[in-house]
Structure formats: C-alpha cells, structure tokens
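As you go down the protein sequences, you meet chains W and X in turn.
Residue numbers for the first sequence follow my numbering, so the first one is 959 and each next one is one higher.
Residue numbers for the second sequence follow my numbering, so the first one is 959 and each next one is one higher.
Every residue gets a Cβ at the ideal spot worked out from N, C-alpha and C, and that includes glycine.
2 protein chains.
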Amino acid sequence: MPRESLGEFEQLILLAILRLGQEAYGVPIIEEIENRTGRSVSQAAAYLTLRRLEQKGWIRSKMAMPTPERGGRAKRFFSLKPAGTRRLHAARAELLNMWEGYEPEMDTR
Amino acid sequence: MPRESLGEFEQLILLAILRLGQEAYGVPIIEEIENRTGRSVSQAAAYLTLRRLEQKGWIRSKMAMPTPERGGRAKRFFSLKPAGTRRLHAARAELLNMWEGYEPEMDTR
DNA sequence: TCATTTACTATACTCTGTTGAGTAAATGAT
DNA sequence: ATCATTTACTCAACAGAGTATAGTAAATGA
C-alpha cells in the first residue's frame, strides 16, 4: 500500500515543478533541487520519481518540440495536477504540525 | 549507501523522544506521533525504527525495572545521542530551506 | 491458574530512493 | 557526410525506509 504522505524526494520534485512553472522539465528540476538542498541529484533518480508521480496522478507531462540549440533535444515538461497540489499542501501542513514548537535550543539540553 | 537525510518517520521518532524526555518509551512515543500527525502508527513500525535508529548510533536505550501496575512490564526507555540530536537539527534546517518562500497561495494559481 | 493488560518482537513484504551504465536526438567541426 | 559533443531522457538492479500481520513475554487481578 502506498503511504499516505509524500516521500521527501517526491516533495522536492513537486516543489521544483511548482517553482519552475513553464520551465519545468528534467534538467532544471534537477538543478533546482541541487541548488536548494546542496546535494547532488542523479538524473535517473529524478526521472524515475517523475514517472512514479505521474503514474500516481499527481503530475502530468507533455513532450515539446526540439529547440535549435546544440543538443537541443525535445523536452518533456511537467506540471502539477490538482491532486499533486493538494498533496504538496498537505505535506507542508503535516511538517508544520510535526515541528511546531520545536526550538533549536531543545537540542542542547 | 544510507542516505544523508533522515527518513520522515525517523524524524517523527526522534522528535517524539526529544519531547517526551524522561518518559520516552515505546507506547508514549507511538501516542505522541499519532496525536501530532493524526495517522495511526503500528507498534511494529515504531519499534523497528527505534532499533534501526539505535543501530545507527542516533539514540540509546536502557531497560528499566517493572512498575507495580497491571501489565506493568519493564519498559525500554530511549534518549537521543549527540549524533541523533545533530541529525534532527540538520533535518529541520533542510526542511526550512526546502520550503522557504513557499506560500500556500502558490498552490491555487 | 488463567484471562487480561501492557510492552515489545519476528518476518515478510512493498514502496521510495540511489547507483551505474546506457540510449537517443540534436548541433558543430572537420 | 561523418563523427565527436551536447542535451535530454531511460534501463535494470539494488539498498533503504516504511508497513502489515501476527506473535511472544512478563506483569496483575479475579
């Protein structure tokens, strides 16, 4: 049974798509996550997760035409479906609830 | 290779231990997570994750003496080790970074 | 003695995340 | 034209995190 809450990497992918808007295809999605988290993201990990998210009905994708640049292959653009948007929103709410009241000083008791 | 960041459920467990302080043993840990997240947590999931966290050196545990109540078996109490505290702190920083700038209104564009 | 309560365990499995390598379609240089 | 290079995406196998179902163990109270 799939879990109710989003996985962490899934969240990162959805957030990246949301933030990138019209420019949300594989390569920038990976860069966005790398910039934001500071960790490196393999292409395979990203594309696999994108496919899984699409299968679950949280995002949709569409191939675009190639662009006239060196190596400018056709890109697959992604966007959030309503269900994905709701998931993302719910994930944030859960996190807020979970960490609410936490103060870093608690760590050093 | 284990991942650098904590899993979501692992975070919940560590946070529950931190919050419960002296009272951090299996049953209240489970209740704390259920209350905070609204989802139900199986005992197996909790104890298994507790064991994994201990194996990784993020928490320690100690059996206490039985208490004189009906069914009052010996309890295994958990506490954070420094490494676990650091992980928890780092996990929070990552989350803040990841969601920074996100506004719920972004969802409804 | 035995049902009940509280606390913890075993085992097997699915889902999520990661790795390492590879394919495909475009341009640019020779 | 051919072939190296760039950009974009794919395959397959595996490891790690999370879940489900069921069970064991040690206490009390009737």
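Measuring CB to CB, does residue i end up less than 8 Å from residue j?
| i | j | result |
| --- | --- | --- |
| Leu1038 of chain X | Ile975 of chain X | yes |
| Leu978 of chain X | Glu990 of chain X | yes |
| Ser926 of chain W | Ala1049 of chain W | Given that chain W is displayed from residue 959 to residue 1067, the structure contains no residue 926 of chain W and the question cannot be resolved. |
| Gly1015 of chain W | Ala1041 of chain W | yes |
| Met1056 of chain X | Arg961 of chain W | no |
Which same chain residues, not among the five before or five after residue i, have their C-beta less than 6 Å away from its C-beta?
| i | result |
| --- | --- |
| Ile988 of chain X | Val999 and Ala1004 |
| Gly1030 of chain W | Pro1024 |
| Thr1043 of chain W | none |
For a contact defined as C-beta to C-beta under 8 Å, what are the partners of residue i on chain W?
| i | result |
| --- | --- |
| Thr995 of chain X | Glu1052, Asn1055 and Met1056 |
| Pro1062 of chain X | His1047 and Arg1050 |
Would you kindly work out how many angstroms separate the C-alpha atoms of residue i and residue j, rounded to a whole number?
| i | j | result |
| --- | --- | --- |
| Tyr981 of chain X | Gln1013 of chain W | According to the sequence provided, residue 981 of chain X is Glu. The question's Tyr does not apply to it. Roughly 43 Å separates the two Cα atoms. |
| Arg1034 of chain W | Glu1061 of chain X | 26 Å |
| Ala1002 of chain W | Val985 of chain W | 11 Å |
| Glu1058 of chain X | Gly996 of chain W | 14 Å |
| Pro1026 of chain W | Leu1011 of chain W | 30 Å |
| Arg1028 of chain W | Ser1019 of chain W | 24 Å |
What residues in its chain sit with their C-beta under 7 Å from that of residue i, if we drop five residues either side in the sequence?
| i | result |
| --- | --- |
| Tyr942 of chain X | Nothing can be reported for residue 942 of chain X: it is not among the residues displayed for chain X, which extend from 959 to 1067. |
| Gly965 of chain W | none |
| Glu992 of chain X | Ser998 and Val999 |
Out of the options, which has the shortest C-alpha to C-alpha gap to residue i?
| i | options | result |
| --- | --- | --- |
| Leu972 of chain W | W:Ile1017, W:Ala1051, W:Ala1022 and W:Glu1058 | W:Ile1017 |
| Leu1006 of chain X | X:Ser963, X:Arg961, X:Ala1049 and X:Phe967 | X:Phe967 |
Suppose the cutoff is 8 Å on Cβ atoms and the five residues either side in sequence are ignored; what does the same chain contact list for residue i look like?
| i | result |
| --- | --- |
| Gln969 of chain W | Leu1046 and Ala1049 |
| Arg1067 of chain X | Note that Arg1067 of chain X scores a pLDDT of 47, beneath 50, so its modelled location is shaky and nothing firm can be said. |
I want to verify the contact list: residues of chain X whose CB lies under 7 Å from the CB of residue i, in sequence order.
| i | result |
| --- | --- |
| Glu966 of chain W | Ser963 and Glu966 |
List, in chain order, every chain X residue whose beta-carbon is nearer than 8 Å to that of residue i.
| i | result |
| --- | --- |
| Leu973 of chain W | Met1056, Trp1057 and Tyr1060 |
Give the interface partners of residue i over in chain W, defined as CB-CB distance under 7 Å, in chain order.
| i | result |
| --- | --- |
| Leu970 of chain X | Met1056 |
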